[in-house]
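K.L.:
Have a look at this one before I ask anything.
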Amino acid sequence: MSADTIRRYFDAFNAKDTAGMLDCLADDVAHHVNEGQVRIGRDKFAAFCDHMSACYDETLTDMVIFATEDGTRAAAEYIVNGTYLKTDSGLPEARGQTYRLPAGSFFSLADGRITRVVTYYNLADWIGQVS
Numbered sequence: 001m002s003a004d005t006i007r008r009y010f011d012a013f014n015a016k017d018t019a020g021m022l023d024c025l026a027d028d029v030a031h032h033v034n035e036g037q038v039r040i041g042r043d044k045f046a047a048f049c050d051h052m053s054a055c056y057d058e059t060l061t062d063m064v065i066f067a068t069e070d071g072t073r074a075a076a077e078y079i080v081n082g083t084y085l086k087t088d089s090g091l092p093e094a095r096g097q098t099y100r101l102p103a104g105s106f107f108s109l110a111d112g113r114i115t116r117v118v119t120y121y122n123l124a125d126w127i128g129q130v131s
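Read left to right, the sequence shown gives residues 1 to 131 (the UniProt record's numbering).
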């Protein structure tokens, strides 16, 4: 069950379907952003997705999903293939640069929904690619 939920979450991401991603989340989801603050709740997750969609166009490939037998934890490793669309605060200027970046996410799940999302990537690598 947990691997199916994670697969649905990432399929929605690649389809640019924020509502589909939100449907996979618990109401009080804890979203641990790489190099950022923890955001609690679907509303804050949706606002984060809106911001990201304005600044980046990303598709995830080479997805590998791991899940515990009890369905309470999962992880995924993938490649982020992106285009930097709009300058994000505190980051290099956007000029339509493309990037390819290994990344991973860790999840906690309960009752078929994601309760925690933690995403990691190498920010210095990304900055080097877009600078």
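Note that beta-carbon positions come from the ideal geometry of N, C-alpha and C, so glycine has one too.
Bridge partners for F66 per DSSP, in chain order?
P.N.:
According to DSSP, which records beta bridges pairwise, F66 is partnered with A75.
K.L.:
Do you know offhand how far D111's Cα is from M63's?
P.N.:
The alpha-carbon atoms of D111 and M63 are separated by roughly 24 Å.
K.L.:
Cα separation between G90 and R7?
P.N.:
Distance between the alpha carbons of G90 and R7 is about 32 Å.
K.L.:
Quick one: any contact between the stretch 78-88 and the stretch 98-115, if contact means 3 or more CB pairs under 8 Å?
P.N.:
Yes, the stretch 78-88 is in contact with the stretch 98-115.
K.L.:
Could you give the first and the last residue of the continuous alpha helix (DSSP H) run that contains residue 150?
P.N.:
Not covered by the structure: residue 150. The range shown for the chain is 1 to 131.
K.L.:
Just to check my reading of the structure: A103 and S2 have Cβ atoms closer than 8 Å, yes? What is that Cβ distance to the nearest angstrom?
P.N.:
Not quite, the Cβ-Cβ distance comes to about 19 Å (not below 8 Å), so this is no contact.
K.L.:
Cβ atoms of E35 and L123: under 9 Å apart, would you say?
P.N.:
The answer is yes: Cβ separation under 9 Å.
K.L.:
Distance check for V33 and S108, CA to CA, integer angstroms please.
P.N.:
Spanning the two alpha carbons is a distance of roughly 15 Å.
K.L.:
Measuring alpha carbon to alpha carbon, tell me which residue in L22, A54, T61 is nearest N14.
P.N.:
Of the listed residues, the one whose Cα sits closest to N14 is T61.
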